[in-house]
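Data block below; observations after.
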Amino acid sequence: MYKIYFFVPKTHVEKVKNAMFAKGAGQIGNYSCCAWQTLGEGQFMPLKSSNPFLGELNKLEKVPEYKVEMICPEKNIRDVIIALKTSHPYEEPAYEVVRIEDF
Numbered sequence: 012m013y014k015i016y017f018f019v020p021k022t023h024v025e026k027v028k029n030a031m032f033a034k035g036a037g038q039i040g041n042y043s044c045c046a047w048q049t050l051g052e053g054q055f056m057p058l059k060s061s062n063p064f065l066g067e068l069n070k071l072e073k074v075p076e077y078k079v080e081m082i083c084p085e086k087n088i089r090d091v092i093i094a095l096k097t098s099h100p101y102e103e104p105a106y107e108v109v110r111i112e113d114f
């Protein structure tokens, strides 16, 4: 089992979550589409050779973003990460995957 954490702009949070749910993330027992999310502020500065969804080159950008957490079974993890990357609007989405134990 894995836990996935990712950051996504407010405008795309439902699209990304739904793409990941469709590939098998967010299932806990008899419940589907399980996730936790908190709203915060992300920041980044697009550099030369970037193709930013938001912002301008060499200018600091701040944007409302959600941090979303959900679990994923091992058998689905690769498909779920592909869904995250293809549905996310950012060129380089920030995410992490942590292996968790089920007791």
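Under my numbering, the letters of the sequence shown match residues 12 to 114, in that order.
For glycine and all other residues, C-beta sits at the position ideal for the given N, C-alpha and C.
All values reported here derive from a predicted model rather than from experimental measurement.
The three-state secondary structure of residue 56, taken from DSSP, is coil. The stretch 30-40 and the stretch 54-65 do not touch, with fewer than 3 CB-CB distances between them shorter than 8 Å.
According to the DSSP secondary-structure assignment, residue 51 is paired through a beta bridge with 76. For residue 76 against residue 16, the beta-carbon gap comes to about 12 Å, at or over 8 Å, which does not count as contact. Between residue 105 and residue 18, the CB-CB gap stays under 8 Å. Taking residue 113 as the centre and dropping the five residues before and after it, the same chain places the C-beta of 12 closer than 8 Å to its C-beta, in chain order. The distance from the Cβ of residue 98 to that of residue 24 is about 11 Å, inconsistent with a contact at the 8 Å cut-off.
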